[in-house]
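Reading the first sequence from the start, the letters are residues 0 to 359 in numbering that gives the first Met the number 0.
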Amino acid sequence: MTNNSTSWSKYYTPKHVAKDIVSMLPQDFNPTKVIDICAGSGNFLDAAVKKWNDIKAVGIDISLNDINKENKYTLHQMDALNLELLSNTIKSNSEEVKVVLANPPFGKLENSEKYLNKKKKLNSIHNEAVKIKRIEALMLVSNLKLLNVGDYFGAILPENFFTSIRLANFKEMFLNEFTEVVIGKKEKYFSSSDVKTRIFIGKYIGSNKSIKLQNIKSKLLIKSNYSLHRGIDNSKLLSAKSIDNIEVVHFSNFKGIQKLERYYPKTKGKERLIISKNDTLILRVGRNSGFSYQAKKEYINKYVSDYFYLLKGIKLNKKEHQILQSVLIKKRKGVATNYLNKIDIMNSIDIVLNRRRYLD
DNA sequence: TGAGGTGGTGCGCGGATTGA
DNA sequence: TCAATCCGCGCACCACCTCA
Numbered sequence: 000m001t002n003n004s005t006s007w008s009k010y011y012t013p014k015h016v017a018k019d020i021v022s023m024l025p026q027d028f029n030p031t032k033v034i035d036i037c038a039g040s041g042n043f044l045d046a047a048v049k050k051w052n053d054i055k056a057v058g059i060d061i062s063l064n065d066i067n068k069e070n071k072y073t074l075h076q077m078d079a080l081n082l083e084l085l086s087n088t089i090k091s092n093s094e095e096v097k098v099v100l101a102n103p104p105f106g107k108l109e110n111s112e113k114y115l116n117k118k119k120k121l122n123s124i125h126n127e128a129v130k131i132k133r134i135e136a137l138m139l140v141s142n143l144k145l146l147n148v149g150d151y152f153g154a155i156l157p158e159n160f161f162t163s164i165r166l167a168n169f170k171e172m173f174l175n176e177f178t179e180v181v182i183g184k185k186e187k188y189f190s191s192s193d194v195k196t197r198i199f200i201g202k203y204i205g206s207n208k209s210i211k212l213q214n215i216k217s218k219l220l221i222k223s224n225y226s227l228h229r230g231i232d233n234s235k236l237l238s239a240k241s242i243d244n245i246e247v248v249h250f251s252n253f254k255g256i257q258k259l260e261r262y263y264p265k266t267k268g269k270e271r272l273i274i275s276k277n278d279t280l281i282l283r284v285g286r287n288s289g290f291s292y293q294a295k296k297e298y299i300n301k302y303v304s305d306y307f308y309l310l311k312g313i314k315l316n317k318k319e320h321q322i323l324q325s326v327l328i329k330k331r332k333g334v335a336t337n338y339l340n341k342i343d344i345m346n347s348i349d350i351v352l353n354r355r356r357y358l359d
């Protein structure tokens, strides 16, 4: 869904996934129309037509180069993020029972504000989608626009939709529009990518309650007797050794083998990022994110890099390290790269500490 | 020689905080 | 008060390596 539409083609919905999603819809649901506004190669439409022979199929995409024109689908080449154009193209008809299917593009969307229609009364979920600048969020808003109460929506959504803090408010608003929600397991559906996704299915009910958006960051203010710090930004690390510099523990290897020589100037105010005895290093990002271990002797009095969160103020025993690690690994987030955020790590530490209190 | 596997990232963005 | 700086988030990643 860009000018360079071929770049998205590797993310076309695999046939078997389209079939799975269609088969996950209730057996007694018999739609008269299927719409896919990110039609791509048309696999969703094919799967729907195969299941419901008489269904009317409508496909929209910014490029219709890869869809089989021999099928008698109604096709529109257009930018589905343009809500006004979308509503003018797909007229709402209360007689129809619809299933709307989508494998939206994922990614950052610059200039998302251009999709706001300032003439109309501002729609809060649309505003939120524009604010977070994610193309999948705006595409979901476009999909919502097509739904009437009782219709079903099925989609492949990126993992961050379900786990990211930045998208949390949007997710809450979106889920509020549905009932009978089914969320699939985390899967890599696209062989050419590391991207992790989940299937979403829901029955549209429309939003009728106002949502109180939570200030998620306020959770960071939880008082505790430990402190957790992210290490020094990797891009600011120096390769050259000098008398004024302190060595930085900088690697991404769960065995704890220090591999990269990096340094950082001794800086007032950064003392919290210097490793002490009994501190715990938690790998923040990458395949090994979630691995944690007690600071080795050779790390002491060195800085810690951006690969880690440094846990200070409590000493964990071997068993507690194991528990912390297994909890952290389950909390990994990320579309294409695993990572952990501070809230997740703090929650995981709390689990370990609660266990300690219980045993005491 | 290229596809799939494995180990490892640099940095832009935007909100929060600092300090002039 | 507001510009500068800090800091946390998160990447439809990125760059090798291995092996058929």
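We treat Cβ as the ideally placed atom computed from N, Cα and C, and that holds for glycine.
Every value quoted in this text rests on a predicted model; they were computed, and no experiment measured them.
Which one or two residues does DSSP pair with residue i in a beta bridge?
i                 : result
histidine 228     : Leu309
valine 334        : Paired residue(s): none; valine 334 is not in a bridge.
glycine 58        : Asp35, Leu74
phenylalanine 177 : Tyr203
arginine 197      : Leu156
asparagine 244    : Pro264
glutamine 293     : Thr279
glutamate 186     : Thr196
Around the C-beta of residue i, are 16 or more other C-beta atoms found within 10 angstroms, so that it is buried, or is it exposed?
i                : result
aspartate 35     : buried
asparagine 214   : Annotation note: pLDDT 45 at asparagine 214 (below 50); position unreliable, coordinate value reported separately. It counts as exposed.
histidine 125    : buried
arginine 356     : exposed
serine 123       : exposed
serine 291       : buried
serine 141       : buried
histidine 249    : buried
asparagine 168   : buried
lysine 90        : exposed
phenylalanine 28 : exposed
lysine 185       : exposed
leucine 272      : buried
leucine 108      : buried
leucine 358      : exposed
lysine 301       : buried
aspartate 60     : buried
arginine 197     : buried
For the ligand SAH, I want to know if residue i counts as a neighbour, meaning its beta carbon is within less than 7 Å of at least one of the ligand's heavy atoms.
i              : result
isoleucine 198 : For the structure depicted, the ligand SAH is absent and the ligand set is empty, with no information on it obtainable.
For residue i, which of the options has the nearest alpha-carbon?
i                 : options                        : result
isoleucine 204    : Ser192, Ile198, Thr196, Phe177 : Phe177
serine 93         : Gly106, Asn70, Asp150          : Asp150
lysine 330        : Asn287, Ser304, Lys296         : Asn287
isoleucine 348    : Ala335, Thr336, Lys318, Val334 : Lys318
glutamate 260     : Tyr357, Leu272, Val247         : Val247
tyrosine 114      : Ile89, Leu84, Ser91            : Leu84
glutamate 361     : Tyr262, Val303, Arg283         : Because the chain spans 0 through 359 in this model, residue 361 falls outside it and cannot be assessed.
asparagine 81     : Leu24, Leu143, Trp51, Tyr72    : Leu143
methionine 138    : Ser192, Ala79, Leu100          : Ala79
methionine 172    : Ala17, Ser206, Leu146          : Ser206
glycine 289       : Tyr308, Ile273, Ser86          : Tyr308
glycine 58        : Glu297, Tyr72, His320, Lys50   : Tyr72
cysteine 37       : Ser22, Val334, Ser190, His75   : His75
phenylalanine 199 : Lys32, Thr31, Gly285, Leu100   : Leu100
lysine 50         : Asp65, Gln26, Asn70, Asp60     : Gln26
serine 234        : Asn87, Tyr262, Ser226, Asn52   : Tyr262
glycine 268       : Ile231, Ala335, Ser192         : Ile231
isoleucine 274    : Lys240, Ala335, Ser226, Ser241 : Ser226
serine 325        : Asn87, Leu63, Leu282, Ala335   : Leu282
valine 21         : Glu127, Gly153, Asp65, Ser62   : Gly153
lysine 170        : Glu127, Leu24, Lys14           : Glu127
serine 86         : Met77, Met345, Asp359, Leu145  : Leu145
asparagine 52     : Lys301, Pro30, Leu280          : Pro30
glycine 183       : Asn175, Met23, Asp359, Val351  : Met23
alanine 56        : Glu297, Asp65, Asn64, Asp45    : Asp45
threonine 336     : Val284, Leu310, Asn346         : Val284
Excluding the 5 residues preceding and the 5 following residue i in the sequence, name in chain order all residues of the same chain whose CB lies nearer than 8 Å to its CB.
i              : result
lysine 332     : Glu158, Asn159, Thr162, Ser163, Tyr338, Leu339, Asn340, Asp343
proline 264    : Leu237, Asp243, Asn244, Ile245
leucine 376    : The shown model of the chain, from 0 to 359, leaves out residue 376, and the question about it has no answer.
asparagine 224 : Gly312, Ile313
leucine 220    : Bear in mind that the predicted position of leucine 220 carries a pLDDT of just 38, short of 50, making it unreliable; the figure below should be weighed with that in mind. Cβ within range, chain order: n/a, list empty.
arginine 354   : Glu319, Ile322
valine 129     : Ser111, Glu112, Tyr114, Leu115, Leu137
valine 148     : Tyr203, Ile204, Gly205
threonine 88   : Ile59, His75, Met77
Which same chain residues end up closer than 7 Å to residue i when comparing Cβ atoms and leaving out the 5 residues on each side of it in sequence?
i             : result
asparagine 67 : Gly41
lysine 276    : Ala294, Ile299
threonine 12  : Gly39, Asn42, Phe43, Asn102, Ile155
valine 351    : Leu315, Glu319, Ile322, Leu323
Below 8 Å on the Cβ atoms is my guess for residue i versus residue j; work out the distance and round it to an integer in Å.
i            : j             : result
valine 98    : alanine 47    : 6 Å
arginine 374 : aspartate 278 : Summary: the structure shown does not reach residue 374, with the chain confined to residues 0 through 359, and so no result is reported for it.
lysine 18    : isoleucine 54 : Not quite, the Cβ-Cβ distance comes to about 15 Å (not below 8 Å), so this is no contact.
valine 334   : lysine 195    : 6 Å
By Cβ distance below 6 Å, which residues in the same chain neighbour residue i in space, the five residues on each side in sequence not counted?
i                 : result
phenylalanine 105 : Glu135, Pro157
valine 180        : Gly201
phenylalanine 189 : Tyr10
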